[in-house]
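Participant: Sharing a structure below in C-alpha coordinates format, with a few things to ask.
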Amino acid sequence: MKTLKKIIFISIVLGMISSLIISCKNDDKGQTGLLTLSTLEGKIKIGDYVSVELSLPHPDLISKIVVKKSIEGKEVSSYLKELNVRELSFPYTFTEEIIAGDENGILVYSFYGMDENNSVVDAADLVLTVELAQIPLLLKYDWVLASQTIKGEDTATPDLKDDIHRFNSDLTWQVDWGFIFSSAALETLNSYCAWKVTMDGATVKTLSTIHYNVFSPSQALMTHYNVLQLSDRKMILESYQDLSGLGGDYSSNERVLEVYTPVSKTEDFTPYRGQNPDNYIVASCNPGSY
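For the sequence shown, position 99 (counting from the first letter as 1) is numbered 98 according to numbering that gives the first Met the number 0, and the numbering increases by one without interruption.
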(Lines of atoms letter the chains of each structure in order from A and count residues from 1; the text may use other names and numbers.)
(Lines give C-alpha, C1' and ligand atoms only; values in the text may rest on other atoms or scores of the structure.)
Protein backbone atom coordinates (compact mmCIF):
# COMPACT_ATOMS: atom_id res chain seq x y z
CA MET A 1 0.00 0.00 0.00
CA LYS A 2 2.84 2.39 0.88
CA THR A 3 4.51 1.54 -2.40
CA LEU A 4 1.29 2.28 -4.32
CA LYS A 5 0.86 5.61 -2.54
CA LYS A 6 4.50 6.46 -3.32
CA ILE A 7 3.97 5.65 -6.99
CA ILE A 8 0.81 7.76 -7.10
CA PHE A 9 2.60 10.65 -5.36
CA ILE A 10 5.54 10.51 -7.77
CA SER A 11 3.16 10.43 -10.73
CA ILE A 12 1.32 13.48 -9.45
CA VAL A 13 4.59 15.38 -8.89
CA LEU A 14 5.89 14.45 -12.35
CA GLY A 15 2.60 15.55 -13.86
CA MET A 16 2.79 18.88 -12.10
CA ILE A 17 6.38 19.40 -13.26
CA SER A 18 5.42 18.49 -16.82
CA SER A 19 2.49 20.90 -16.75
CA LEU A 20 4.74 23.61 -15.34
CA ILE A 21 7.30 23.11 -18.13
CA ILE A 22 4.61 23.26 -20.81
CA SER A 23 3.10 26.32 -19.16
CA CYS A 24 6.47 28.06 -19.09
CA LYS A 25 7.02 27.29 -22.75
CA ASN A 26 3.63 28.72 -23.61
CA ASP A 27 4.33 31.79 -21.49
CA ASP A 28 7.64 32.32 -23.25
CA LYS A 29 5.90 32.10 -26.61
CA GLY A 30 3.37 34.64 -25.37
CA GLN A 31 5.99 37.16 -24.28
CA THR A 32 8.30 37.51 -27.27
CA GLY A 33 8.35 36.81 -30.98
CA LEU A 34 4.61 37.02 -31.53
CA LEU A 35 4.91 40.44 -33.19
CA THR A 36 8.02 41.38 -35.16
CA LEU A 37 9.00 44.38 -37.29
CA SER A 38 11.17 44.31 -40.40
CA THR A 39 13.19 47.22 -38.97
CA LEU A 40 13.44 48.82 -35.55
CA GLU A 41 15.00 52.19 -36.35
CA GLY A 42 15.57 54.62 -39.16
CA LYS A 43 16.09 58.16 -40.39
CA ILE A 44 13.47 60.01 -42.42
CA LYS A 45 12.41 63.48 -43.57
CA ILE A 46 9.25 65.51 -43.16
CA GLY A 47 6.84 64.69 -46.00
CA ASP A 48 8.25 61.22 -46.58
CA TYR A 49 6.41 58.00 -45.76
CA VAL A 50 7.74 55.44 -43.32
CA SER A 51 7.01 51.79 -44.11
CA VAL A 52 7.60 48.74 -41.94
CA GLU A 53 6.52 45.12 -42.32
CA LEU A 54 4.64 43.53 -39.43
CA SER A 55 4.91 39.77 -39.04
CA LEU A 56 2.87 37.44 -36.83
CA PRO A 57 4.39 33.94 -36.52
CA HIS A 58 1.32 32.89 -34.49
CA PRO A 59 -1.57 35.05 -35.76
CA ASP A 60 -4.11 32.98 -33.86
CA LEU A 61 -2.74 34.40 -30.59
CA ILE A 62 -3.23 38.06 -31.57
CA SER A 63 -6.62 39.52 -32.46
CA LYS A 64 -5.60 43.13 -33.09
CA ILE A 65 -2.58 45.42 -33.19
CA VAL A 66 -2.80 48.82 -31.51
CA VAL A 67 -0.46 51.49 -32.88
CA LYS A 68 0.51 54.50 -30.77
CA LYS A 69 2.83 57.41 -31.50
CA SER A 70 5.12 59.37 -29.19
CA ILE A 71 7.57 62.23 -29.67
CA GLU A 72 10.45 62.64 -27.25
CA GLY A 73 8.77 60.26 -24.82
CA LYS A 74 5.38 62.05 -24.86
CA GLU A 75 2.46 60.14 -26.30
CA VAL A 76 0.54 61.92 -29.07
CA SER A 77 -2.98 61.64 -27.63
CA SER A 78 -4.66 62.37 -30.96
CA TYR A 79 -2.99 59.40 -32.64
CA LEU A 80 -4.34 55.87 -32.24
CA LYS A 81 -4.79 53.12 -34.80
CA GLU A 82 -6.19 49.61 -34.44
CA LEU A 83 -5.43 46.91 -36.98
CA ASN A 84 -7.83 43.96 -37.06
CA VAL A 85 -5.62 40.93 -37.60
CA ARG A 86 -8.47 38.85 -39.01
CA GLU A 87 -8.96 41.37 -41.83
CA LEU A 88 -5.31 41.57 -42.86
CA SER A 89 -2.77 39.30 -44.48
CA PHE A 90 0.74 39.06 -43.07
CA PRO A 91 3.42 40.18 -43.46
CA TYR A 92 1.46 43.44 -43.41
CA THR A 93 3.06 46.72 -44.51
CA PHE A 94 2.29 49.60 -42.17
CA THR A 95 2.74 53.01 -43.83
CA GLU A 96 2.49 56.47 -42.31
CA GLU A 97 3.36 59.99 -43.49
CA ILE A 98 5.87 62.00 -41.48
CA ILE A 99 4.26 65.37 -40.78
CA ALA A 100 5.36 68.75 -39.46
CA GLY A 101 5.97 68.54 -35.72
CA ASP A 102 7.34 65.01 -35.89
CA GLU A 103 10.84 66.51 -35.93
CA ASN A 104 10.53 67.88 -32.39
CA GLY A 105 12.25 64.87 -30.84
CA ILE A 106 12.75 61.15 -31.28
CA LEU A 107 9.66 59.76 -33.03
CA VAL A 108 8.45 56.34 -31.91
CA TYR A 109 5.66 54.18 -33.31
CA SER A 110 4.72 51.51 -30.76
CA PHE A 111 2.92 48.37 -31.90
CA TYR A 112 0.99 46.36 -29.29
CA GLY A 113 -0.24 42.84 -30.07
CA MET A 114 -3.51 42.26 -28.17
CA ASP A 115 -5.29 38.97 -27.53
CA GLU A 116 -9.04 38.30 -27.38
CA ASN A 117 -9.10 39.51 -23.77
CA ASN A 118 -7.57 42.86 -24.82
CA SER A 119 -4.34 42.03 -23.02
CA VAL A 120 -0.93 42.86 -24.47
CA VAL A 121 0.87 39.65 -25.43
CA ASP A 122 3.78 41.25 -27.31
CA ALA A 123 4.99 44.68 -28.41
CA ALA A 124 7.62 46.29 -30.61
CA ASP A 125 8.84 49.84 -31.27
CA LEU A 126 9.93 51.60 -34.44
CA VAL A 127 12.29 54.45 -33.47
CA LEU A 128 12.81 57.23 -36.02
CA THR A 129 15.04 60.26 -36.26
CA VAL A 130 13.22 62.87 -38.34
CA GLU A 131 15.21 65.27 -40.47
CA LEU A 132 13.86 68.59 -41.63
CA ALA A 133 14.14 69.50 -45.29
CA GLN A 134 17.01 71.92 -45.84
CA ILE A 135 15.19 75.27 -45.91
CA PRO A 136 12.96 74.46 -42.90
CA LEU A 137 16.11 73.34 -41.06
CA LEU A 138 17.88 76.61 -41.90
CA LEU A 139 14.91 78.60 -40.61
CA LYS A 140 14.13 76.54 -37.52
CA TYR A 141 17.43 77.16 -35.72
CA ASP A 142 19.97 79.89 -35.14
CA TRP A 143 23.48 79.06 -36.30
CA VAL A 144 26.90 79.47 -34.70
CA LEU A 145 30.33 79.00 -36.24
CA ALA A 146 32.12 75.87 -35.01
CA SER A 147 35.20 76.02 -37.24
CA GLN A 148 36.70 78.00 -40.10
CA THR A 149 39.42 76.25 -42.05
CA ILE A 150 41.89 78.07 -44.30
CA LYS A 151 44.95 76.27 -45.66
CA GLY A 152 44.26 73.35 -43.34
CA GLU A 153 44.19 75.47 -40.17
CA ASP A 154 41.21 76.39 -38.02
CA THR A 155 41.16 80.18 -38.04
CA ALA A 156 37.87 80.66 -36.17
CA THR A 157 38.56 83.17 -33.39
CA PRO A 158 36.44 83.46 -30.22
CA ASP A 159 34.71 86.60 -31.50
CA LEU A 160 33.52 84.75 -34.62
CA LYS A 161 32.34 81.73 -32.64
CA ASP A 162 30.41 84.07 -30.35
CA ASP A 163 28.22 85.39 -33.17
CA ILE A 164 24.71 83.99 -33.63
CA HIS A 165 23.23 84.01 -37.14
CA ARG A 166 19.51 83.98 -37.83
CA PHE A 167 17.94 83.39 -41.24
CA ASN A 168 14.32 84.55 -41.31
CA SER A 169 11.49 83.42 -43.58
CA ASP A 170 11.16 86.97 -44.98
CA LEU A 171 14.73 86.57 -46.33
CA THR A 172 16.23 88.93 -43.75
CA TRP A 173 19.52 87.97 -42.11
CA GLN A 174 20.27 89.01 -38.53
CA VAL A 175 23.36 88.61 -36.36
CA ASP A 176 23.76 88.80 -32.60
CA TRP A 177 27.40 89.71 -31.95
CA GLY A 178 27.36 88.07 -28.53
CA PHE A 179 29.76 89.38 -25.92
CA ILE A 180 33.15 88.87 -27.57
CA PHE A 181 34.37 91.31 -30.21
CA SER A 182 37.37 91.38 -32.51
CA SER A 183 40.31 93.54 -31.45
CA ALA A 184 39.17 96.42 -33.66
CA ALA A 185 35.44 95.62 -33.29
CA LEU A 186 35.12 95.69 -37.07
CA GLU A 187 31.88 93.70 -36.91
CA THR A 188 30.15 96.79 -35.51
CA LEU A 189 30.56 98.41 -38.94
CA ASN A 190 28.29 95.84 -40.60
CA SER A 191 24.61 96.29 -41.34
CA TYR A 192 23.17 92.82 -41.94
CA CYS A 193 20.54 92.68 -44.63
CA ALA A 194 19.45 89.51 -46.41
CA TRP A 195 20.09 85.97 -47.57
CA LYS A 196 19.29 84.08 -50.75
CA VAL A 197 19.74 80.55 -52.06
CA THR A 198 19.84 78.69 -55.34
CA MET A 199 18.11 75.32 -55.43
CA ASP A 200 18.32 72.07 -57.35
CA GLY A 201 14.92 70.59 -56.61
CA ALA A 202 14.72 70.42 -52.81
CA THR A 203 18.50 70.68 -52.41
CA VAL A 204 20.17 73.97 -51.51
CA LYS A 205 23.16 74.42 -53.80
CA THR A 206 24.36 77.90 -52.81
CA LEU A 207 23.72 80.35 -50.00
CA SER A 208 24.54 84.05 -50.27
CA THR A 209 24.55 86.62 -47.49
CA ILE A 210 24.14 90.34 -48.13
CA HIS A 211 25.33 93.08 -45.81
CA TYR A 212 26.40 96.71 -45.97
CA ASN A 213 29.21 98.71 -44.43
CA VAL A 214 27.75 101.63 -42.49
CA PHE A 215 30.19 103.96 -44.25
CA SER A 216 29.12 102.72 -47.72
CA PRO A 217 25.36 102.18 -47.34
CA SER A 218 24.72 102.12 -51.09
CA GLN A 219 27.10 99.26 -51.88
CA ALA A 220 25.80 95.76 -51.15
CA LEU A 221 28.49 93.31 -50.04
CA MET A 222 27.65 89.73 -50.99
CA THR A 223 29.37 86.55 -49.87
CA HIS A 224 28.58 83.45 -51.91
CA TYR A 225 28.84 79.96 -50.41
CA ASN A 226 28.61 76.50 -51.87
CA VAL A 227 26.46 74.47 -49.48
CA LEU A 228 28.31 71.20 -48.96
CA GLN A 229 25.98 69.99 -46.19
CA LEU A 230 22.79 71.18 -44.57
CA SER A 231 21.58 68.19 -42.57
CA ASP A 232 22.29 66.11 -39.45
CA ARG A 233 22.55 69.25 -37.29
CA LYS A 234 25.36 70.70 -39.36
CA MET A 235 25.83 73.29 -42.10
CA ILE A 236 29.09 73.23 -44.07
CA LEU A 237 29.77 76.20 -46.35
CA GLU A 238 32.55 76.61 -48.88
CA SER A 239 33.58 80.00 -50.23
CA TYR A 240 36.47 81.50 -52.18
CA GLN A 241 37.55 84.86 -50.82
CA ASP A 242 40.16 87.50 -51.52
CA LEU A 243 42.48 87.24 -48.53
CA SER A 244 45.52 88.71 -50.24
CA GLY A 245 45.27 91.77 -48.02
CA LEU A 246 46.25 89.61 -45.04
CA GLY A 247 49.72 89.20 -46.52
CA GLY A 248 51.80 86.07 -46.29
CA ASP A 249 50.89 83.43 -48.86
CA TYR A 250 47.16 84.20 -48.85
CA SER A 251 45.71 84.55 -52.33
CA SER A 252 42.93 86.55 -53.93
CA ASN A 253 40.90 83.35 -54.32
CA GLU A 254 41.44 81.50 -51.06
CA ARG A 255 39.22 78.53 -50.16
CA VAL A 256 37.44 78.99 -46.84
CA LEU A 257 35.53 76.11 -45.26
CA GLU A 258 33.10 76.99 -42.47
CA VAL A 259 31.15 74.59 -40.28
CA TYR A 260 28.08 75.86 -38.42
CA THR A 261 26.03 74.08 -35.79
CA PRO A 262 22.39 74.85 -34.92
CA VAL A 263 21.21 76.23 -31.59
CA SER A 264 17.65 76.65 -30.40
CA LYS A 265 16.17 80.08 -30.88
CA THR A 266 15.76 82.08 -27.67
CA GLU A 267 14.22 85.41 -26.70
CA ASP A 268 17.70 86.57 -25.68
CA PHE A 269 18.72 86.88 -29.34
CA THR A 270 19.72 90.55 -29.78
CA PRO A 271 20.76 91.88 -33.20
CA TYR A 272 23.57 94.46 -32.95
CA ARG A 273 23.95 93.62 -29.28
CA GLY A 274 25.17 96.64 -27.31
CA GLN A 275 24.34 99.07 -30.11
CA ASN A 276 21.24 100.94 -31.24
CA PRO A 277 19.70 98.90 -34.10
CA ASP A 278 18.24 102.08 -35.60
CA ASN A 279 21.77 103.20 -36.44
CA TYR A 280 22.12 100.19 -38.75
CA ILE A 281 19.06 100.75 -40.91
CA VAL A 282 20.14 100.96 -44.55
CA ALA A 283 17.62 102.22 -47.09
CA SER A 284 19.29 100.22 -49.85
CA CYS A 285 18.61 96.91 -48.08
CA ASN A 286 15.83 95.12 -49.94
CA PRO A 287 15.58 91.40 -49.07
CA GLY A 288 14.32 89.30 -51.95
CA SER A 289 15.69 91.59 -54.65
CA TYR A 290 19.28 90.35 -54.88
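Note that beta-carbon positions come from the ideal geometry of N, C-alpha and C, so glycine has one too.
Quick one: what's Ser207 bridged to in DSSP?
Facilitator: Along the sequence shown, read from residue 1 onward, the residue named residue 207 stands at position 208. In DSSP, Ser207 forms a bridge with Lys195, His223.
Participant: Would the stretch 207-226 and the stretch 178-194 be scored as touching if the rule is three or more Cβ pairs under 8 Å?
Facilitator: Touching, per the Cβ criterion.
Participant: Going by beta carbon distance, what residues of the same chain come within less than 8 Å of Thr156, once the five residues before and after it are set aside?
Facilitator: In the sequence shown, the residue the question calls residue 156 occupies position 157. The residues are Ser181.
Participant: Taking the C-alpha atoms as reference points, what is the distance between Lys73 and Ala145?
Facilitator: Taking the first residue of the sequence shown as 1, we reach residue 73 at position 74. Taking the first residue of the sequence shown as 1, we reach residue 145 at position 146. The alpha-carbon atoms of Lys73 and Ala145 are separated by roughly 32 Å.
Participant: Between Asp121 and Leu53, is the Cβ-Cβ spacing less than 8 Å?
Facilitator: One-based indexing of the sequence shown puts residue 121 at position 122. One-based indexing of the sequence shown puts residue 53 at position 54. Cβ atoms of Asp121 and Leu53: not closer than 8 Å.
Participant: Go ahead and label Glu81 buried or exposed: buried means 16 or more other beta carbons lie within 10 angstroms of its beta carbon, across all protein chains shown.
Facilitator: If you number the sequence shown from 1, residue 81 lands on position 82. It counts as exposed.
Participant: From what residue to what residue does the beta strand (DSSP E) around Lys133 run?
Facilitator: Translated into positions along the sequence shown, residue 133 becomes position 134. Correcting the residue identity first, residue 133 is Gln in this sequence and not Lys. Counting along the chain, Gln133 falls outside any beta strand (DSSP E), though it belongs to the alpha helix (DSSP H) covering 133-139.
Participant: Measuring alpha carbon to alpha carbon, tell me which of Thr202, Ser283, Asp169, Thr154 ends up nearest Leu242.
Facilitator: On the sequence shown, residue 242 is found 243 positions in, with the first residue counted as 1. The option with the nearest alpha carbon to Leu242 is Thr154.
Participant: Would you check if there are 3 or more beta carbon pairs closer than 8 Å linking the stretch 252-263 to the stretch 132-152?
Facilitator: Counting Cβ pairs under 8 Å, three or more are found: they touch.
Participant: Who are the Cβ neighbours of Glu237 in its own chain at under 6 Å, not counting the five residues just before and after it?
Facilitator: The count along the sequence shown starts at 1 and reaches residue 237 at position 238. The answer, listed in chain order, is Asn225, Leu227, Leu256.
Participant: Taking 7 Å as the cut-off, is the C-beta of Lys195 nearer than that to any heavy atom in the ligand NAD?
Facilitator: With respect to the ligand NAD, the structure offers nothing, as it holds no ligand at all.
Participant: Does the Cβ of Tyr211 have 16 or more other Cβ atoms within 10 Å, making it buried, or fewer, making it exposed?
Facilitator: One-based indexing of the sequence shown puts residue 211 at position 212. Buried: at least 16 other Cβ atoms inside 10 Å.
Participant: Start and end of the beta strand (DSSP E) containing Lys73?
Facilitator: For the purposes of this step, residue 73 is taken as the residue at position 74 of the sequence shown. Where Lys73 is concerned, the enclosing beta strand (DSSP E) stretches over 73-83.
Participant: Residues in its own chain within less than 6 Å of Val281 by CB, not counting five upstream and five downstream?
Facilitator: For the purposes of this step, residue 281 is taken as the residue at position 282 of the sequence shown. Counting only Cβ-Cβ distances below 6 Å, and skipping sequence neighbours, we find Ser190, Tyr211, Pro216.
Participant: For Asp175, does the count of other Cβ atoms within 10 angstroms reach 16, so buried, or fall short, so exposed?
Facilitator: Taking the first residue of the sequence shown as position 1, residue 175 is located at position 176. By the 10 Å Cβ count, Asp175 comes out buried.
Participant: The beta strand (DSSP E) spanning Pro261 covers which residue range?
Facilitator: If you number the sequence shown from 1, residue 261 lands on position 262. First-last of the beta strand (DSSP E) with Pro261: 253-262.
Participant: How would you call Phe110, buried or exposed, if buried means at least 16 neighbouring beta carbons within 10 angstroms?
Facilitator: Here residue 110 refers to the residue found at position 111 when the sequence shown is read from its first residue. It is buried - the Cβ of Phe110 has at least 16 other Cβ atoms within 10 Å.
Participant: Flag this pair as yes or no: are the beta carbons of Tyr78 and Lys63 separated by less than 8 Å?
Facilitator: What you label residue 78 is simply residue 79 of the sequence shown in a count that begins at 1. What you label residue 63 is simply residue 64 of the sequence shown in a count that begins at 1. Cβ distance not < 8 Å, so Tyr78 and Lys63 don't count as in contact.
Participant: With a CB to CB cut of under 7 Å and the five nearest residues on each side skipped, what residues in its chain are close to Ser22?
Facilitator: By one-based count along the sequence shown, residue 22 stands at place 23. At Ser22 the pLDDT is 41, less than 50, meaning the model places this residue with poor confidence and gives no usable figure here.
Participant: Measuring CA to CA, which of Thr269, Gln133, Tyr140 is closest to Ser263?
Facilitator: Along the sequence shown, one-based indexing puts residue 263 at 264. Cα-wise, what sits closest to Ser263 is Tyr140.
Participant: Assuming Ser132 contacts Ala201 (C-beta within less than 8 Å), just tell me the rounded distance between them.
Facilitator: Working through the sequence shown from its first residue, we reach residue 132 at position 133. Working through the sequence shown from its first residue, we reach residue 201 at position 202. For the sequence presented, residue 132 should be read as Ala rather than Ser. Right, the Cβ-Cβ distance comes to about 6 Å (below 8 Å), so this counts as a contact.
Participant: By DSSP, does Tyr289 sit in helix, in strand, or in coil?
Facilitator: Residue numbering aside, residue 289 sits at position 290 when the sequence shown is read from its first letter. If DSSP states are grouped into helix, strand and coil, Tyr289 belongs with coil.
Participant: Under DSSP, the alpha helix (DSSP H) around Leu159 begins and ends at which residues?
Facilitator: Residue numbering aside, residue 159 sits at position 160 when the sequence shown is read from its first letter. Its alpha helix (DSSP H) spans residues 157-160.
Participant: Quick one, which of Ile209, Thr187, Tyr108, Glu186 has its alpha-carbon nearest Ser76's?
Facilitator: Counted from its first residue, the sequence shown places residue 76 at position 77. Here the closest residue by C-alpha is Tyr108.
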